[in-house]
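According to my numbering, the sequence shown holds residues 1 to 80 in order. We put the CB at the ideal spot given by N, CA and C, even for glycine. Here the structure is a predicted model, which means the values were calculated and not measured.
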Amino acid sequence: MDYGNTGDMRLFAVMNFYYIDYLCRPITIAVVIFLFWWRLANEMYIYGSKKQKKTGLWINRKLNSKFGIDIELGAVKRGN
1 MDYGNTGDMR
11 LFAVMNFYYI
21 DYLCRPITIA
31 VVIFLFWWRL
41 ANEMYIYGSK
51 KQKKTGLWIN
61 RKLNSKFGID
71 IELGAVKRGN
């Protein structure tokens, strides 16, 4: 592609930024969604009652089937 004038170069730069932004956005949203639900399930599993622990395990199974990331509950515990 010939960038004889600066207008074409700016258009190319804007197009590249758009494609990079478009490709990166779904990954970021998916990571945020996964982390939100995994942290909720982990807190329920560590500190919750028996029913909350069961619900935490259920959420973790759903996350594993949807995202394919298997992080065990109780692997990260805050505090002492």
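- At a cut-off of 4 residues, the continuous stretches assigned as alpha helix (DSSP H) that sit fully inside the segment 29-68 are 50-67.
- Here the alpha carbon of Ile69 sits roughly 12 Å from the alpha carbon of Ala30.
- Looking at the backbone, the Cα of Lys50 and that of Asn42 are separated by about 13 Å.
- The beta carbon of Asn64 is closer than 7 Å to those of Asp70 in its chain, skipping five residues each way along the sequence.
- Gly56 counts as buried, since at least 16 other C-beta atoms from the protein chains shown sit within 10 angstroms of its C-beta.
- Glu72 and Thr28 have their alpha carbons spaced roughly 22 Å apart.
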